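A.B. asks: Please read through the structure below; I'll follow up with questions.
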Amino acid sequence: MTALLEVDKINSYYGDSHILFDISLYVERHEVVALLGRNGAGKSTTLKSLIGEVRPRSGRIVLDGTATLGLPPHAVAALGLQLVPEDRRIFGSLNVEENLLLAGLTAKSRWKLDRVWEIFPRLKERRRSRGTDLSGGEQQMLAIARALVRDPKIILLDEPFEGLAPIIVRDLLATCRMLAEAGQTIVVVEQNISAAMSLADRVYIINNGHMVEELTAAAVRDQPELLHRHLGV
Amino acid sequence: MITWPNFVSQLFNGLASGALLALISSGLTIIYGTLGVLNLAHGAMFMLGGYAGYVAYHATGSFTIAVIVGAAFLIVVGGLLELVVVRHFYSRPPEDQLLVTFGIGIVIVELVRLGFGSLSKTVLPPSWAMGVTPMGFLIYPTYRIVVTVIAAAALAVLYLVLYRTRLGMIVRAGIEDSGMVGMLGINVYRVFMVVFGIGAMAAGFAGIINAPVVSLTPDMGDSILVETFVVVVIGGVGSFPGAILGGLISGEILSLTSMIDPAYSEVMLFAVMTLVLMLRPQGLLGMPSRE
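Read top to bottom, the protein sequences are chains A and B. The opening residue of the first sequence carries number 383 in our numbering; numbering runs sequentially from there. The opening residue of the second sequence carries number 83 in our numbering; numbering runs sequentially from there.
Written out as structure tokens, the structure reads:
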């Protein structure tokens, strides 16, 4: 059986600088995979390469049997991949509901808003508020909800807990865990290693644009020093 | 000598030209906001609208048909220009985009000159809108009132499209962050084409309804283009309400300064723009940019 997402030796660049070197990884259905690494290791670039915002110059990406490398982001999104970007990129002039409606416009099967409100009751209270009026935590909820509305095969979370108060992180983490238990496939990039490890089934470690290690979450729990070596924690 | 009726009549003139400027500028500002391309051919779109209306008017004798045909022609021209030329310049540096749209403008102006000559053409207003309307202590040309009303109605339609439709929602989101719109599965290039068409139509529509007020010449778009830039800068780049406010302010500045000395009207316009840039660089209703 082949994995839901297979990435084979992609090389990505920003202008002339080579950022990703032969990155390979795979993601199984219903799996939560964490990409760990220091700042600037290439984690975000990996996610951007998957969605097509950065176009790798070589390699292969296959999502559920379809080669996606070279496709524009809207085409990759149509195949069932959703990126929740690091800076959230909520549309500030649109209200919460419009942000969600916009996301659902072209989705093959879309969530009813009630399902979103069930997971994020706070967003229901704020449904008429413009994106610019939301707190950081609310924006992050909306960013995740906006991806979920499209019922994606895989959701890519880029530093979802960054810059949020601990209590909000705890709530969001619980929500993500609930989604994972419901079978949502997730790839998460996170600096907050304990948060990432509490979600992940499997971990990749990226260093200077190279894939240096692949570990199961169980192995990391048994031997935490495996992470220390690469991340210096 | 400035008299009271003279002042009020200039105030109305300012309103009429302000409404037109607002309409043209809203086209420019949504194109720039969504596509990130400053369309230097926008003045040519205004002019082309006037000539398209002129042709349709002489073929049918109906001003209403002229307006419809002219507007429809411009939405097609705008969409085609995006598809055939502008689309290939999104990833190019801004100076290339400026040059190519400037070039498109020149080509269109010269093609019109080739077809119609440099002598000015006139379009008559519809018979029901000819003559003057008494307004208390002054009489005012009826068609100027009509132009103001039509331009305001067109702006209202644009507003409804932008704020009450799905397409409008996509465009507003695209003005903020077209990359994110793409990541939500929406083909932004198709949206860009429609936006360019609508933007060109706004200018062209203004060109037709303005045709009975002025004489049509191939280079009539040049000065309008400059004024439109000023309007967009004053109102805030990418802001539709900003284009309306900026248009009305600019129309009044041009009109009221002309009453004192026409030579200074453009100077005043630029002075106000400079003031806005100094005190509020993002424009009156603009949002500070993301990047």
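The C-beta atom is built at its ideal place from N, Cα and C for all residues, glycine as well. Keep in mind it's a predicted model, so treat the numbers as computed, not measured.
Mind listing which residues of the segment 252-267 of chain B have their C-beta closer than 7 Å to chain A's C-betas, in chain order?
C.D. replies: If the cut-off is 7 Å between Cβ atoms, the segment 252-267 of chain B has I252, R254, A255, E258, D259, G261, M262, G264, M265, L266, G267 near chain A.
A.B. asks: Report the neighbours of L418 of chain A on chain B: residues whose CB is nearer than 8 Å to its CB, in chain order.
C.D. replies: What L418 of chain A touches in chain B: nothing, since even the nearest Cβ is about 23 Å away.
A.B. asks: Based on the DSSP secondary-structure assignment, which residues constitute the bridge partners of T204 of chain B?
C.D. replies: Paired residues: none, contrary to the question.
A.B. asks: Short of 8 Å in beta carbon distance, which residues of its chain neighbour N589 of chain A, apart from the five on each side in sequence? Order them along the chain.
C.D. replies: The residues are G419, R420, A423, H612.
A.B. asks: For F89 of chain B versus M341 of chain B, is the C-beta spacing smaller than 9 Å?
C.D. replies: Yes; because the gap between Cβ atoms is below 9 Å, this pair is in contact.
A.B. asks: Does the CB of N269 of chain B have a neighbour CB from chain A at under 9 Å?
C.D. replies: Yes, N269 of chain B lies at the interface with chain A (some Cβ there is under 9 Å from its Cβ).
A.B. asks: Would you check if the segment 137-151 of chain B and the segment 259-267 of chain B touch, i.e. whether three or more CB-CB distances between them fall below 8 Å?
C.D. replies: Cβ pair count under 8 Å is below three, so no.
A.B. asks: What is the DSSP secondary structure of H592 of chain A, reduced to helix, strand or coil?
C.D. replies: Note: H592 of chain A maps to strand in three-state DSSP.
A.B. asks: Enumerate in chain order the residues of its own chain whose CB-to-CB distance from G452 of chain A is below 7 Å, with the five nearest sequence positions on each side excluded.
C.D. replies: Answer for G452 of chain A: R437, listed in chain order.
A.B. asks: Shorter than 9 Å from the beta carbon of L516 of chain A to some beta carbon of chain B?
C.D. replies: Chain B contact via Cβ: absent.
A.B. asks: Distance cutoff 9 Å, beta carbons only. Does R248 of chain B sit that close to anything in chain A?
C.D. replies: It does: the Cβ of R248 of chain B has a partner Cβ on chain A nearer than 9 Å.
A.B. asks: Can you tell me the Cα-Cα spacing of G109 of chain B and S91 of chain B, whole angstroms?
C.D. replies: Distance between the alpha carbons of G109 of chain B and S91 of chain B is about 28 Å.
A.B. asks: As a quick exercise: from A:A529, A:V478, A:H610, A:K535, pick the residue whose alpha carbon is nearest that of D515 of chain A.
C.D. replies: When each option's Cα is compared against that of D515 of chain A, the closest is A:V478.
A.B. asks: Check H124 of chain B in the structure and name its three-state DSSP category.
C.D. replies: Three-state result, H124 of chain B: helix.
A.B. asks: Would you report the Cα separation of L361 of chain B and M355 of chain B, rounded to the nearest angstrom?
C.D. replies: L361 of chain B and M355 of chain B: Cα-Cα distance of roughly 10 Å.
A.B. asks: With a threshold of 9 Å between beta carbons, is T428 of chain A in contact with chain B?
C.D. replies: T428 of chain A does not count as touching chain B.
A.B. asks: What's the gap between the Cα of G199 of chain B and the Cα of P300 of chain B?
C.D. replies: Their Cα atoms are separated by approximately 8 Å.
A.B. asks: Taking CB distances under 9 Å as the criterion, tell me whether S491 of chain A reaches chain B.
C.D. replies: Judged by the 9 Å Cβ criterion, S491 of chain A is not in contact with chain B.
A.B. asks: Can you tell me whether M302 of chain B is buried or exposed? The criterion is at least 16 other CB atoms within 10 Å of its CB, across all chains shown.
C.D. replies: Buried, by the Cβ-count rule.
A.B. asks: Step through the CB atoms of chain A and report whether any lies within less than 9 Å of the CB of G368 of chain B.
C.D. replies: Answer no: the Cβ-Cβ gap between G368 of chain B and chain A never drops below 9 Å.
A.B. asks: Within the 9 Å Cβ cut-off, does A527 of chain A reach chain B?
C.D. replies: No, its Cβ sits nowhere closer than 9 Å to a Cβ of chain B.
A.B. asks: Give the interface partners of G614 of chain A over in chain B, defined as CB-CB distance under 8 Å, in chain order.
C.D. replies: Under the 8 Å cutoff, chain B gives no residues; its nearest Cβ is about 32 Å from G614 of chain A.
A.B. asks: In the segment 501-566 of chain A, which residue ranges form an unbroken beta strand (DSSP E) of at least 3 residues, counting only runs that do not cross its ends?
C.D. replies: Fully enclosed beta strand (DSSP E) runs of 3 or longer: 536-540.
A.B. asks: In the DSSP assignment, what are the bridge partners of R169 of chain B?
C.D. replies: DSSP, once it has assigned bridges, lists no residue as partnering R169 of chain B.
A.B. asks: With a threshold of 7 Å on Cβ separation, who are the neighbours of D604 of chain A within its own chain once the five nearest residues in sequence on each side are excluded?
C.D. replies: Answer for D604 of chain A: no residue qualifies.
A.B. asks: Between the C-alpha atoms of E373 of chain B and T183 of chain B, what's the straight-line distance to the nearest angstrom?
C.D. replies: The pLDDT assigned to E373 of chain B is 43, lower than 50, so where the model puts this residue is not dependable; a value taken from the coordinates is nonetheless given after this. The straight-line gap from Cα to Cα measures roughly 24 Å.
A.B. asks: Quick check on this structure: which residue in A:A527, A:A460, A:G447 has the alpha carbon closest to the alpha carbon of V466 of chain A?
C.D. replies: Of the listed residues, the one whose Cα sits closest to V466 of chain A is A:A527.
A.B. asks: Could you please give the first and the last residue of the uninterrupted beta strand (DSSP E) stretch that includes V441 of chain A?
C.D. replies: Per the sequence presented here, residue 441 of chain A reads as Gly, with Val not at that position. Per DSSP, G441 of chain A belongs to the beta strand (DSSP E) from 440-445.
A.B. asks: Assign T215 of chain B to one of three DSSP states: helix, strand, or coil.
C.D. replies: The answer is strand: DSSP assigns T215 of chain B an E or B state.
A.B. asks: Taking C-beta pairs closer than 9 Å, name the residues in chain B that T488 of chain A reaches, listed in chain order.
C.D. replies: Those within 9 Å of T488 of chain A in chain B are L266, G267, I268, N269.
A.B. asks: Taking the alpha helix (DSSP H) that V194 of chain B belongs to, which residues open and close that run?
C.D. replies: It spans 176-198 - the alpha helix (DSSP H) in which V194 of chain B sits, taken as one unbroken run.
A.B. asks: List the endpoints of the continuous beta strand (DSSP E) containing V409 of chain A.
C.D. replies: V409 of chain A -> beta strand (DSSP E) spans 399-409.
A.B. asks: Using a Cβ distance threshold of 8 Å, determine whether the segment 97-105 of chain B contacts the segment 253-260 of chain B, with at least three qualifying pairs required.
C.D. replies: Contact between the segment 97-105 of chain B and the segment 253-260 of chain B is absent, because fewer than three Cβ pairs lie under 8 Å.
A.B. asks: Under the assumption that L130 of chain B contacts G368 of chain B (Cβ atoms under 8 Å), give the Cβ distance between them as a whole number of angstroms.
C.D. replies: Between G368 of chain B and L130 of chain B the Cβ distance is about 28 Å, and since that is not below 8 Å, they are no contact.
A.B. asks: When DSSP builds the beta bridges, which residues end up paired with L463 of chain A?
C.D. replies: Answer is A:I536.
A.B. asks: Along chain B, which residues have their Cβ under 8 Å away from the Cβ of I536 of chain A?
C.D. replies: Going along chain B, no residue has its Cβ under 8 Å from I536 of chain A, so there is no contact; the nearest lies around 13 Å.
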